[in-house]
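Below is one structure, written out as structure tokens; comments come after it.
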Amino acid sequence: MPRPMKRTPWRGFLDSVARMSTTRTNYWAEFVIDLALGAWLLFEGWRRHQGDVPAALAVLLGLFAFSFVEYFFHRWMFHTQIPLFAQGHRLHHEHPLGYDSLPFFLPGAVLLVLTGLCMLVAPAGFALLMMGSVTFGYIAYGLSHFIIHHVRFRHPLLLRWAGAHHVHHYHPDTNFGVTTPLWDIVLGTRYVRKSRRI
Ligand SMILES: [Zn+2]
Ligand SMILES: [Zn+2]
156 MPRPMKRTPW
166 RGFLDSVARM
176 STTRTNYWAE
186 FVIDLALGAW
196 LLFEGWRRHQ
206 GDVPAALAVL
216 LGLFAFSFVE
226 YFFHRWMFHT
236 QIPLFAQGHR
246 LHHEHPLGYD
256 SLPFFLPGAV
266 LLVLTGLCML
276 VAPAGFALLM
286 MGSVTFGYIA
296 YGLSHFIIHH
306 VRFRHPLLLR
316 WAGAHHVHHY
326 HPDTNFGVTT
336 PLWDIVLGTR
346 YVRKSRRI
């Protein structure tokens, strides 16, 4: 028989943060914070950048890196048992039109830590521009995910793009990429429709 879970102050804190993460205010507060953070990172990066080519490379590298971050978090953080990451995502799968998401401060905190780590190994201007680009990739992901669930597309290409994520809601072990199918194709998790023939 499973033992009842002991309620510790830490558990209580996690529960209240998880409850807050279901609200619309939390959802849009996170959007505003990420937008401010992304603009600040790009501004600071531009101020310290050395050369336009490295600056353009940093932005492109950031977008490319984000495409993998999106896949990594969705596959290996959200679809596991990690507190806060998994809870909000499980609720999103149950209520795709709801506002269940990460606590508003968490993505910004993770992005700041990653920026600090990048600044240890790359010139500050390059690291800041790259992480600004990662942050805008994340904002684009959030907005894409929101409109996929709230807008009915007519254009065939957009329908296909949105459809790939709707398929993920029925087959949660496939189609982890939301903005792009790139890493699903590379890592073999792209949904393939089974043949209807017997
Ligand atoms: Zn979704
Ligand atoms: Zn999912």
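For what it's worth, our numbering labels the leading residue of the sequence shown as 156, then goes sequentially. A virtual CB, placed ideally from N, CA and C, is assigned to each residue, including glycine. These numbers were taken from a predicted model, which means no experiment stands behind them.
So is residue i buried or exposed if we call it buried at 16+ other beta carbons inside 10 Å?
| i | result |
| --- | --- |
| A317 | buried |
| I303 | buried |
| H247 | buried |
| S288 | buried |
| S176 | buried |
| W338 | buried |
| L284 | buried |
| L275 | exposed |
| D255 | buried |
| T270 | buried |
| L314 | exposed |
| H323 | buried |
| F227 | exposed |
| L266 | buried |
| I353 | The pLDDT assigned to I353 is 47, lower than 50, so where the model puts this residue is not dependable, and the model offers no usable value. |
How long is the line joining the alpha carbons of residue i and residue j, rounded to whole angstroms?
| i | j | result |
| --- | --- | --- |
| V320 | R203 | Here residue 320 is His; the residue named in the question, Val, does not match the sequence. Cα to Cα, H320 sits roughly 38 Å from R203. |
| F260 | N181 | 9 Å |
| L312 | A194 | 30 Å |
| D133 | A282 | Residue 133 lies beyond the range of the chain shown here (156 to 353); nothing can be said about it. |
| M232 | F240 | 6 Å |
| R348 | P336 | 15 Å |
| V268 | L298 | 23 Å |
| A173 | Q205 | 42 Å |
| Y346 | Q242 | 24 Å |
| A211 | T290 | 16 Å |
| A129 | I294 | Shown here, the chain extends from 156 to 353; a query on residue 129 therefore has no answer. |
| M286 | W183 | 21 Å |
| F223 | C273 | 16 Å |
| R245 | W165 | 21 Å |
| L196 | E185 | 16 Å |
| S171 | T235 | 20 Å |
| G167 | H310 | 46 Å |
| P238 | I340 | 28 Å |
| F308 | L215 | 28 Å |
Out of the options, state which residue places its alpha-carbon closest to the alpha-carbon of residue i.
| i | options | result |
| --- | --- | --- |
| R230 | V347, A295, L342, K349 | L342 |
| G292 | V172, L190, R179, D255 | L190 |
| P258 | V187, R348, L196, F331 | V187 |
| Y344 | T334, T335, D328, V333 | Here the sequence assigns Thr to residue 344, which means Tyr is not the residue at that position. Ranking T334, T335, D328, V333 by Cα distance to T344 puts D328 first. |
| Y325 | E249, A220, P209, R162 | E249 |
| E199 | T178, G280, T334 | G280 |
| H300 | F331, G271, C273, M286 | F331 |
| T334 | Q236, L218, L272, H234 | L218 |
| E225 | R315, Y296, T235 | Y296 |
| L252 | H305, L215, V214, C273 | H305 |
| P209 | P238, T163, A277 | A277 |
Check the C-beta distance from residue i over to residue j and give it rounded, since I have them as a contact under 8 Å.
| i | j | result |
| --- | --- | --- |
| G263 | L169 | Contact doesn't hold; Cβ gap of about 19 Å is too wide. |
Taking 9 Å as the CB-CB cut-off, is residue i touching chain D?
| i | result |
| --- | --- |
| G280 | Here chain D cannot be found, since the structure has a single protein chain. |
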